[in-house]
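If you're matching positions, the sequence shown starts at 4 in this note's numbering and goes up one per residue.
For every residue, glycine included, the Cβ atom is placed at its ideal position computed from N, Cα and C.
Contents: one structure, followed by commentary.
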Amino acid sequence: MNDSADLVMYWWDRAADILTRKGSTLKRFGLVTTNSITQVFQRRTVARWLSAANPNKQPLSLVFAVDDHPWTKATKDAAAVRIAMTVAAPGTHEGELATVIREARLGTDQPEVDLSIAKGIINADLTVGVDVTRAGPLMANDILCSPGVKLHGAGFIVSPAEAEHLGLGRVDRPGLGEHIRAYRNGRDLLGHSRGMMVIDLDGMSAVEVRSRYPEVYQHLLITVKPERDRNNEAYRRENWWLFGRRNTIMRGAIEGISRYIATSETAKHRIFEFLDRSILPDNRLVCFGLSGGEFLAILSSRVHITWTLASGGTLEDRPIYTKSRCFDPFPFPAWTENQRAALAEAGERLDAFRKSRLAENPGLTLTRLYNALEAHRAGRAMTAEEGADFARGSVLILAELHGEIDAATFAAYGWPADLAGEALLAALVALNAERAAEEGRGEVRWLRPTYQRARFARATVAGPQQAGDLIGAIPAPAAARAPWPADRRAQVLALKCALAEAPDPLTAAALAARFKGRRPAPDIARLIGVRERDGQVRRAGDGYSLLRAG
4 MNDSADLVMY WWDRAADILT RKGSTLKRFG LVTTNSITQV FQRRTVARWL SAANPNKQPL
64 SLVFAVDDHP WTKATKDAAA VRIAMTVAAP GTHEGELATV IREARLGTDQ PEVDLSIAKG
124 IINADLTVGV DVTRAGPLMA NDILCSPGVK LHGAGFIVSP AEAEHLGLGR VDRPGLGEHI
184 RAYRNGRDLL GHSRGMMVID LDGMSAVEVR SRYPEVYQHL LITVKPERDR NNEAYRRENW
244 WLFGRRNTIM RGAIEGISRY IATSETAKHR IFEFLDRSIL PDNRLVCFGL SGGEFLAILS
304 SRVHITWTLA SGGTLEDRPI YTKSRCFDPF PFPAWTENQR AALAEAGERL DAFRKSRLAE
364 NPGLTLTRLY NALEAHRAGR AMTAEEGADF ARGSVLILAE LHGEIDAATF AAYGWPADLA
424 GEALLAALVA LNAERAAEEG RGEVRWLRPT YQRARFARAT VAGPQQAGDL IGAIPAPAAA
484 RAPWPADRRA QVLALKCALA EAPDPLTAAA LAARFKGRRP APDIARLIGV RERDGQVRRA
544 GDGYSLLRAG
């Protein structure tokens with residue numbers, strides 16, 4: 004079991020193990036679970052059995068499933084629990100996927116739930132059709148996306164008045180403005196900002212904080228340290244004045260740029276927005292170290308939104324943006340300079356328009372703006388609130404701006420503008436496989452070449468150079484033994500390079516022999532196991548090879 008899976012998935016895994024045992028008389032099993040079974044960390048358990056990753060056991064098939072069903076007869080004050088149902092049988096079979104299309108009277112003895120049925124191979128994410136879970140992460144997108152900071156201590160959050168009391172703005176507290184910063188979470192982004200600030204002492208020792216900012220030190224001593232003293236993790240107990248995690252990927256990604264893109268991890272509407280680099284994001288915001296309007300346009304386009312809804316999970320009835328499935332495998336277009344310029348202009352117009360609407364209408368929020376847009380697109384009667392927001396938010400203009408973004412995005416991909424649904428997902432999965440094959444040959448379409456190359460491509464550049472600044476290259480494997488990197492991400496890249504260069508499968512020992520250093524053998528054994536489970540590396544006898552598209 005993967006460590007991040009919920010306890011409910013243990014029983015799914017246990018049932019699958021019993022069902023596939025040699026001589027088992029069990030014919031099938033069925034479980035009712037929470038609908039989180041479709042989320043990334045849960046569905047890995049299902050995917051492992053559907054793909055028959057264990058060569059000693061036959062694969063399973065889902066013969067019936069419901070991905071999102073209400074838990075009926077809930078009390079008035081109870082949470083809106085949503086469940087999933089799965090039935091599995093050994094072998095390869097088509098199944099029936101039921102989808103709720105109408106629900107009513109859930110709190111009565113006669114609940115009404117209408118279902119539609121789709122037949123076909125049911126995927127691990129409880130869909131029928133294109134299996135988006137086949138798409139693997141792309142190096143081109145690496146180290147650019149990360150959740151925000153995880154504080155592990157409410158005392159780090161202060162109001163502007165409290166920040167002033169702690170010394171912010173005083174001439175005898177120089178540099179404090181770099182450590183007490185504006186703070187945003189998902190509600191701030193989509194609703195009305197609380198205007199709160201956060202104490203960020205990353206890189207400072209406790210002695211340094213006490214000497215330079217005594218008021219801050221005492222505040223954290225009172226509000227954070229008692230809680231941290233009871234923390235089970237040694238790092239958090241010993242570094243009580245610092246956040247629970249350093250978030251080095253996020254800090255590195257937004258360093259050196261004036262703004263970055265953020266979206267709320269869980270939200271009714273998938274909205275991307277620029278934030279100033281001075282703002283520190285909460286861990287419930289997903290952040291992208293990309294500052295160009297063209298990236299805001301692509302992320303906000305129908306292409307990317309369709310992908311995220313198919314790839315991410317849901318919490319109750321709200322979609323979740325999962326970095327590992329929504330961003331890491333997403334293939335960006337190989338645009339021309341003219342196409343890039345058109346996308347950049349469209350992204351800037353969208354950002355400026357929304358900010359101006361919110362500034363001119365203090366009661367308006369992004370959520371309310373997109374509620375009105377959703378009602379307009381659906382052609383349904385608007386509520387009084389939606390009607391008022393439609394007028395003051397100039398929602399017809401918002402719809403036009405999104406239409407312009409979609410047109411520019413499809414032009415950059417070279418796809419017809421009416422491509423949608425399963426056909427669009429199939430095109431993206433195929434493009435992901437094409438990009439993975441390129442990267443296996445040593446060609447990477449970096450999204451931020453200068454930033455990413457400096458961290459990944461320190462060795463000789465290999466592979467044909469193509470037009471456009473999204474195109475880069477990964478290091479060419481050296482004929483002599485290369486040093487085994489200390490950085491884990493560089494280790495993954497070195498492993499992929501070695502496998503991509505080899506004409507035949509390599510054993511773990513042969514791979515380790517290509518590198519010099521203290522720990523290549525155990526590191527390689529661990530990395531191979533992880534990549535094999537993720538579907539990036541496949542076993543061939545005693546050796547391993549890089550999984551190539553096509």
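Requested in this report: Grab me the residues of S162's own chain with a C-beta within less than 8 angstroms of its C-beta, minus the 5 sequence neighbours each way, in chain order.
Outcome: In the sequence shown, counting from the first residue as 1, residue 162 sits at position 159. G198, M199 and M200.
Query raised in the report: When the Cα of P177 is compared with those of D409, P217, L129 and W418, which residue comes out closest?
Result: For the purposes of this step, residue 177 is taken as residue 174 along the sequence shown, with counting starting at 1. Minimum Cα distance to P177 is reached at P217.
Query - Among I183, T325 and R262, the one whose alpha carbon lies nearest that of L169 - result: Looking up residue 169 in the sequence shown gives position 166. It is I183 whose Cα lies nearest to the Cα of L169.
Query raised in the report: In this structure, does DSSP put E236 in helix, strand or coil?
Result: Within the sequence shown, numbered from 1, the residue matching residue 236 stands at position 233. Of the three classes helix, strand and coil, the one that applies to E236 here is coil, per DSSP.
Query raised in the report: I371: buried (16+ other C-beta within 10 angstroms of its C-beta) or exposed?
Result: One-based indexing of the sequence shown puts residue 371 at position 368. Looking at the sequence shown, residue 371 is not Ile but Arg. Classification for R371: buried.
Requested in this report: May I have the straight-line CA-CA distance separating A559 from I323, to the nearest angstrom?
Outcome: The structure shown does not extend to residue 559, since the chain spans only 4 to 553, so no value can be given for it.
Query raised in the report: Quick check: the region 242-255 against the region 213-233, are there 3 or more CB pairs under 8 angstroms?
Result: yes
Query raised in the report: Going by other Cβ atoms of all chains shown within 10 Å of its Cβ, with 16 needed for buried, is G296 buried or exposed?
Result: Taking the sequence shown and counting its residues from 1, the one referred to as residue 296 is at position 293. Looking at its Cβ environment, which holds 16 or more other Cβ atoms inside 10 Å, G296 is buried.
Query - Cβ contact (3+ pairs, closer than 8 angstroms) linking the region 391-399 and the region 421-435 - result: no
Query - Local Cβ density within 10 Å of T41, reported as buried at 16 or more and exposed below that - result: Here residue 41 refers to the residue found at position 38 of the sequence shown. Result: buried.
**Report entry** Cut-off 6 angstroms between Cβ atoms - residues of its own chain near L401, not counting five sequence neighbours on either side
**Finding:** The sequence position of residue 401 within the sequence shown is 398, counting from 1. The residues are L376.
Query - DSSP-derived helix/strand/coil call for S548 - result: The sequence position of residue 548 within the sequence shown is 545, counting from 1. Correct three-state label for S548: strand.
Query raised in the report: Name the DSSP beta bridge partners of I86, please?
Result: Numbered from its first residue, the sequence shown carries residue 86 at position 83. Paired residues: T37 and H72.
Query raised in the report: Taking Cβ to Cβ, would you say P488 is nearer than 8 angstroms to A497?
Result: The residue you call residue 488 lines up with position 485 of the sequence shown. The residue you call residue 497 lines up with position 494 of the sequence shown. Contact: yes.
Query raised in the report: Ordered along the chain, which non-local residues of its own chain (more than five positions away) have a Cβ less than 8 angstroms from that of D145?
Result: Walking along the sequence shown from the start, residue 145 turns up at place 142. These residues qualify, in order along the chain: D331, Q455, F459 and R492.
Query raised in the report: In three-state DSSP terms, what is Y324?
Result: In the sequence shown, the residue the question calls residue 324 occupies position 321. It is coil, neither helix nor strand.
Requested in this report: Might you give, ordered along the chain, the residues of its own chain that have their beta carbon closer than 8 angstroms to the beta carbon of R551, omitting 5 neighbours on each side?
Outcome: Against the sequence shown, residue 551 aligns to sequence position 548. With a pLDDT of 47 at R551, under the threshold of 50, the modelled position of this residue cannot be trusted, and the question is left open.
Report task. Please report how far the alpha carbon of A344 lies from the alpha carbon of A387, in whole angstroms. Result -> What you label residue 344 is simply residue 341 of the sequence shown in a count that begins at 1. What you label residue 387 is simply residue 384 of the sequence shown in a count that begins at 1. Their backbone Cα atoms lie some 39 angstroms apart in a straight line.
Report task. With DSSP as the reference, label T266 as helix, strand or coil. Result -> Position 263 of the sequence shown, counting from 1, holds the residue named residue 266. Strand, per DSSP.
Query raised in the report: If you measure from the beta carbon of L404 to each beta carbon in chain D, is any gap under 8 angstroms?
Result: Protein chains in the displayed structure number just one, and chain D is not present.
Requested in this report: Specify the secondary structure class of T23 as computed by DSSP and reduced to three states.
Outcome: Mapped onto the sequence shown, residue 23 falls at position 20. If DSSP states are grouped into helix, strand and coil, T23 belongs with coil.
Requested in this report: Jot down the residue ranges of each uninterrupted alpha helix (DSSP H) in the region 130-217, minimum 4 residues, whole runs only, in chain order.
Outcome: 163-168, 189-193 and 209-215
Requested in this report: Give the DSSP-derived three-state secondary structure of T370 in the structure shown.
Outcome: Here the question's residue 370 lines up with position 367 in the sequence shown. Residue state, collapsed to three classes: helix.
Report task. Within 10 angstroms of the Cβ of I449, are there 16 or more other Cβ atoms? Answer buried if so, exposed if not. Result -> Taking the sequence shown and counting its residues from 1, one reaches residue 449 at position 446. Residue identity differs from the one stated: residue 449 is Trp in this sequence, not Ile. Buried, by the Cβ-count rule.
Requested in this report: Confirm, please, whether the CB-CB distance from L171 to G180 is below 8 angstroms.
Outcome: As a first step, residue 180 must be located in the sequence shown, where it is residue number 177. As a first step, residue 171 must be located in the sequence shown, where it is residue number 168. Cβ atoms of G180 and L171: closer than 8 angstroms.
Report task. Answer yes if the region 255-274 comes into contact with the region 184-195, meaning at least three C-beta pairs across the two stretches below 8 angstroms, and no otherwise. Result -> yes
Requested in this report: Measure the alpha-carbon distance for I308 versus M12 and round it to whole angstroms.
Outcome: Taking the first residue of the sequence shown as 1, we reach residue 308 at position 305. Taking the first residue of the sequence shown as 1, we reach residue 12 at position 9. Within the model, the alpha-carbon separation for I308 versus M12 is close to 28 angstroms.
Report task. Evaluate the contact criterion for the region 108-118 versus the region 287-295: three or more CB pairs, one atom per stretch, below 8 angstroms. Result -> no
Report task. Could you round the C-beta distance between I408 and A313 to whole angstroms and report it? I think they count as a contact, below 8 angstroms. Result -> Your numbering for residue 408 matches position 405 in the sequence shown. Your numbering for residue 313 matches position 310 in the sequence shown. Wrong, their Cβ atoms sit about 19 angstroms apart, outside the cutoff.
Query raised in the report: W15: buried (16+ other C-beta within 10 angstroms of its C-beta) or exposed?
Result: To locate residue 15, count along the sequence shown from 1; it is residue 12. Looking at its Cβ environment, which holds 16 or more other Cβ atoms inside 10 Å, W15 is buried.
**Report entry** Same chain, Cβ closer than 7 angstroms to I274, five either side skipped, listed in chain order
**Finding:** For this step, residue 274 is matched to residue 271 along the sequence shown. Answer for I274: L193, T266, L369 and Y373, listed in chain order.
Report task. Let me know the secondary structure DSSP gives P525 once reduced to three states. Result -> Counting from one through the sequence shown, the residue named residue 525 turns up at place 522. If DSSP states are grouped into helix, strand and coil, P525 belongs with the helices.
**Report entry** Minimum length 4: unbroken alpha helix (DSSP H) runs contained in the region 254-314
**Finding:** Within the region 254-314, the complete alpha helix (DSSP H) runs of at least 4 residues are 296-303 and 305-314.
Requested in this report: Determine the contact status of E425 and V133, defining contact as a CB-CB distance below 8 angstroms.
Outcome: As a first step, residue 425 is located in the sequence shown; it is residue number 422 there, counting from the start. As a first step, residue 133 is located in the sequence shown; it is residue number 130 there, counting from the start. Yes; because the gap between Cβ atoms is below 8 angstroms, this pair is in contact.
**Report entry** Continuous beta strand (DSSP E) stretch holding L29: start and end
**Finding:** In the sequence shown, counting from the first residue as 1, residue 29 sits at position 26. Careful: L29 lies outside any beta strand (DSSP E) and carries neither H nor E.
Query raised in the report: When you compare only the Cα positions, how much space is there between L63 and I260?
Result: Numbered from 1 along the sequence shown, position 60 holds the residue referred to as residue 63. Numbered from 1 along the sequence shown, position 257 holds the residue referred to as residue 260. L63 and I260 have their alpha carbons spaced roughly 48 angstroms apart.
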